[in-house]
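Participant: Residue numbers (this note's numbering): 26 to 478. Let me begin by handing over the structure; questions about it come next.
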Amino acid sequence: GHLRPSRELLEYYRKKIAEYDEEHDHMVSKLEDYRCTYEEQHKLQWELRQREEEIVELQKALSDMQVYLFQEREHVLRLYSENDRLKIRELEDKKKIQQLLSLSGTAESEITYFMKEPPAKAVVEQKTKINDLLVPQMLNITKVCNRLTGVKKKQVPVAERRGSIEAIPEEKYKHDNEVLALQVEALQAQLQEQTKLAKEQVEALLEDRRVKEEELETRRQRDEAKIHTLTDKLHKTQDLLYESTKDFLELRYQGRSTERVFMAEKDKLLRDLDQMKVKLHPERDSVLDMSDGTGPAHQKEEMKSLEYQLQQSQKLAEMYREQVIQLEDELSRIREEGDVTREIFKDRSDKMTKRLQLMNQRYQDLERRRNLEVEGFKNDIKNLRSRLKDVERQLYKVTMGFAEEIDVKRPEDLDMQILKNVRATAGRSKKLVGELKNLKAKMYGIENDLKHL
Numbered sequence: 026g027h028l029r030p031s032r033e034l035l036e037y038y039r040k041k042i043a044e045y046d047e048e049h050d051h052m053v054s055k056l057e058d059y060r061c062t063y064e065e066q067h068k069l070q071w072e073l074r075q076r077e078e079e080i081v082e083l084q085k086a087l088s089d090m091q092v093y094l095f096q097e098r099e100h101v102l103r104l105y106s107e108n109d110r111l112k113i114r115e116l117e118d119k120k121k122i123q124q125l126l127s128l129s130g131t132a133e134s135e136i137t138y139f140m141k142e143p144p145a146k147a148v149v150e151q152k153t154k155i156n157d158l159l160v161p162q163m164l165n166i167t168k169v170c171n172r173l174t175g176v177k178k179k180q181v182p183v184a185e186r187r188g189s190i191e192a193i194p195e196e197k198y199k200h201d202n203e204v205l206a207l208q209v210e211a212l213q214a215q216l217q218e219q220t221k222l223a224k225e226q227v228e229a230l231l232e233d234r235r236v237k238e239e240e241l242e243t244r245r246q247r248d249e250a251k252i253h254t255l256t257d258k259l260h261k262t263q264d265l266l267y268e269s270t271k272d273f274l275e276l277r278y279q280g281r282s283t284e285r286v287f288m289a290e291k292d293k294l295l296r297d298l299d300q301m302k303v304k305l306h307p308e309r310d311s312v313l314d315m316s317d318g319t320g321p322a323h324q325k326e327e328m329k330s331l332e333y334q335l336q337q338s339q340k341l342a343e344m345y346r347e348q349v350i351q352l353e354d355e356l357s358r359i360r361e362e363g364d365v366t367r368e369i370f371k372d373r374s375d376k377m378t379k380r381l382q383l384m385n386q387r388y389q390d391l392e393r394r395r396n397l398e399v400e401g402f403k404n405d406i407k408n409l410r411s412r413l414k415d416v417e418r419q420l421y422k423v424t425m426g427f428a429e430e431i432d433v434k435r436p437e438d439l440d441m442q443i444l445k446n447v448r449a450t451a452g453r454s455k456k457l458v459g460e461l462k463n464l465k466a467k468m469y470g471i472e473n474d475l476k477h478l
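What follows is the structure in structure tokens.
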């Protein structure tokens, strides 16, 4: 009577196995959906990172274009400064030639030509506002040159020439005053353009620094949000590890309990089997003894029933034995998976902790470096402004020094005084140009520092 439910038990296990297979297929489909979603997320993150890199490259190219623009404008200013210097020098040379010709005179067979055409060099058209400042100066220089070269050359005696020089000192000094005024105006125009260019460069540097600060702030906020998200994921992973470990321990306890129950059932079945064998042997002997004669039919049926029950009990014992072996294998597999999962979660949590510490340290270093660089840029801009004011004061002193150093009471030494003043002015101009170059070099250095932030 105890062996009849074996088919029902087998059907029950078949249903359980079918349910487990269905649950396994469902979990596999969920894992596939999760994998697709995760791959799509990774793809979007990769595209976002590419766009950010493209934005950084475009900003770098924009900064380079600004640097090239400032360099071209400086080159144009240098060309116009050189042009002014050559014009003034040409005017001085023509004046000296006129003076020498007026003092020495020319022979009848000698003819003096003045070249009015420009040299065969490339001329860069001025596209900045300095053209509006230098056009009147160029016109004045051209007028003076035409006025000086347009004088008719005659053979005048020496005494008459000396008398004419002493008689009209104002006309003699008028050209010098115009030349000096042109030099002062050219220097003032150059200084104004250099000042304007320096201000624009400083404004561009400040704007670039502001953009860099905004980018750093945005990146810092994004990284903080990422750190917060990773921290939440770490906490969730730790909670999941705790829950998984707890479930694993419960499953292991349940597996051991089931194993004990199966072992008890196995022992019981083996005992029942031994008892049935003991009962069956005397009955079989009696049946064999009675088989020589004519035994009743119910004894044969009972013997068949006992043999069938014996076969069923053996099959059931074999089935339980196989189930015990399968459960032992499953238990060992679950233990191995639990150990591997525990090690993986431990390694990941350690890596995430180290990464978080490294990122915090990097952001602290970046913040400290940014503060130091901002302080340095402020000091550099302050020093550059003071240097620019010094250059303006020196130019003002040079401008005021022209009228103070010339002695009008000694007309015979006026040429030497003018030459000395021109020589001193050239030295000061070189000094001013050198200081302006130093200012530009420092500004380029600051710009390079801003680009490498």
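Here a beta-carbon is modelled for each residue, glycine too, at the ideal position from N, C-alpha and C.
CA-CA distance, R346 and K291?
Facilitator: Numbered from its first residue, the sequence shown carries residue 346 at position 321. Numbered from its first residue, the sequence shown carries residue 291 at position 266. Roughly 8 Å separates the two Cα atoms.
Participant: Going by alpha carbons, who is nearest to Q215 out of N463, L457, D474?
Facilitator: Taking the sequence shown and counting its residues from 1, the one referred to as residue 215 is at position 190. Checked all of N463, L457, D474; the closest Cα to Q215 is L457.
Participant: Could you compute how far the alpha carbon of R380 sits from the alpha carbon of G363?
Facilitator: For the purposes of this step, residue 380 is identified with residue 355 of the sequence shown, where counting begins at 1. For the purposes of this step, residue 363 is identified with residue 338 of the sequence shown, where counting begins at 1. Each residue's Cα considered, the two are about 26 Å apart.
Participant: Compute the Euclidean distance between the alpha carbons of L104 and K120, then round it to the nearest angstrom.
Facilitator: Walking along the sequence shown from the start, residue 104 turns up at place 79. Walking along the sequence shown from the start, residue 120 turns up at place 95. Roughly 24 Å between the two C-alpha positions.
Participant: If you drop the 5 nearest sequence neighbours on each side, which residues of the same chain put their C-beta closer than 7 Å to that of L83?
Facilitator: Reading the sequence shown from its first residue, position 58 is the one you call residue 83. Nothing listed; no residue qualifies.
Participant: Taking 8 Å as the limit between beta carbons, can you name the residues of its chain near E225, skipping five residues before and five after?
Facilitator: In the sequence shown, residue 225 corresponds to position 200, counting from 1. Hits under 8 Å: F95.
Participant: Can you find at least 3 beta carbon pairs, one from the stretch 203 to 222 and one from the stretch 336 to 356, that sit closer than 8 Å?
Facilitator: These segments do not touch.
Participant: If we ignore side chains and look at the alpha-carbon of each, how far apart do S357 and E47 end up?
Facilitator: Working through the sequence shown from its first residue, we reach residue 357 at position 332. Working through the sequence shown from its first residue, we reach residue 47 at position 22. Using only the alpha carbons, I get a separation of about 23 Å.
Participant: Given a cut-off of 7 Å, decide if L464 and R412 are closer than it, judged by their beta-carbon atoms.
Facilitator: Translated into the one-based positions of the sequence shown, residue 412 becomes position 387. Translated into the one-based positions of the sequence shown, residue 464 becomes position 439. Cβ distance < 7 Å, so R412 and L464 count as in contact.
Participant: Between L276 and I369, which are expected to be in contact by the criterion C-beta below 8 Å, what is the C-beta distance as a whole number of angstroms?
Facilitator: The residue you call residue 276 lines up with position 251 of the sequence shown. The residue you call residue 369 lines up with position 344 of the sequence shown. Wrong, their Cβ atoms sit about 18 Å apart, outside the cutoff.
Participant: Less than 8 Å between C-beta atoms, sequence neighbours within five positions excluded: which residues of the same chain meet that for I113?
Facilitator: By one-based count along the sequence shown, residue 113 stands at place 88. The residues are I166, V204, L207, Q208, A211.
Participant: Here's a check: name, in chain order, each residue in its chain whose Cβ is nearer than 7 Å to the Cβ of I406, leaving out the five neighbours to either side.
Facilitator: Along the sequence shown, read from residue 1 onward, the residue named residue 406 stands at position 381. Correct list, in chain order: V227.
Participant: So, using beta-carbon positions, are L331 and L305 closer together than 7 Å?
Facilitator: As a first step, residue 331 must be located in the sequence shown, where it is residue number 306. As a first step, residue 305 must be located in the sequence shown, where it is residue number 280. Yes. Within cutoff.
Participant: Please name the residue, chosen from H323, M301, V349, Q324, that lies closest to E337 on a Cα-to-Cα basis.
Facilitator: On the sequence shown, residue 337 is found 312 positions in, with the first residue counted as 1. Looking at the sequence provided, one finds Gln at residue 337 rather than Glu. Comparing Cα-Cα distances from Q337 to each of H323, M301, V349, Q324, the minimum goes to M301.
Participant: Compare the C-alpha of D375 against each of E392, Q263, E232 and name the closest.
Facilitator: Numbered from 1 along the sequence shown, position 350 holds the residue referred to as residue 375. Ranking E392, Q263, E232 by Cα distance to D375 puts Q263 first.
Participant: In whole angstroms, what separates the C-alpha of K237 from that of N404?
Facilitator: Against the sequence shown, residue 237 aligns to sequence position 212. Against the sequence shown, residue 404 aligns to sequence position 379. Between K237 and N404, the C-alpha separation is close to 19 Å.
Participant: Do L230 and E472 have their C-beta atoms closer together than 7 Å?
Facilitator: In the sequence shown, counting from the first residue as 1, residue 230 sits at position 205. In the sequence shown, counting from the first residue as 1, residue 472 sits at position 447. In contact: L230 and E472 (Cβ atoms closer than 7 Å).
Participant: Short check: CB of K349 to CB of F287, under 7 Å?
Facilitator: To locate residue 349, count along the sequence shown from 1; it is residue 324. To locate residue 287, count along the sequence shown from 1; it is residue 262. With the sequence shown as reference, residue 349 is identified as Val, and Lys is not the correct amino acid for it. Contact: yes.
Participant: In whole angstroms, what is the alpha-carbon distance linking K467 and V416?
Facilitator: If you number the sequence shown from 1, residue 467 lands on position 442. If you number the sequence shown from 1, residue 416 lands on position 391. Each residue's Cα considered, the two are about 15 Å apart.
Participant: Drop a sphere of 10 angstroms on the beta-carbon of R281, count the other beta-carbons inside from all chains shown, and report buried for 16 or more, exposed for fewer.
Facilitator: As a first step, residue 281 is located in the sequence shown; it is residue number 256 there, counting from the start. When all chains shown are included, R281 counts as exposed.
Participant: Is it buried or exposed, T256, if we count other Cβ atoms within 10 angstroms and call 16 or more buried?
Facilitator: On the sequence shown, residue 256 is found 231 positions in, with the first residue counted as 1. Looking at its Cβ environment, which holds fewer than 16 other Cβ atoms inside 10 Å, T256 is exposed.
Participant: Just to confirm before moving on: does the CB-CB distance between R98 and L241 stay below 7 Å?
Facilitator: To locate residue 98, count along the sequence shown from 1; it is residue 73. To locate residue 241, count along the sequence shown from 1; it is residue 216. Not a contact, by the Cβ cut-off of 7 Å.
Participant: Could you give the distance in angstroms between the alpha-carbon of Q91 and the alpha-carbon of M377?
Facilitator: Mapped onto the sequence shown, residue 91 falls at position 66. Mapped onto the sequence shown, residue 377 falls at position 352. Roughly 42 Å separates the two Cα atoms.
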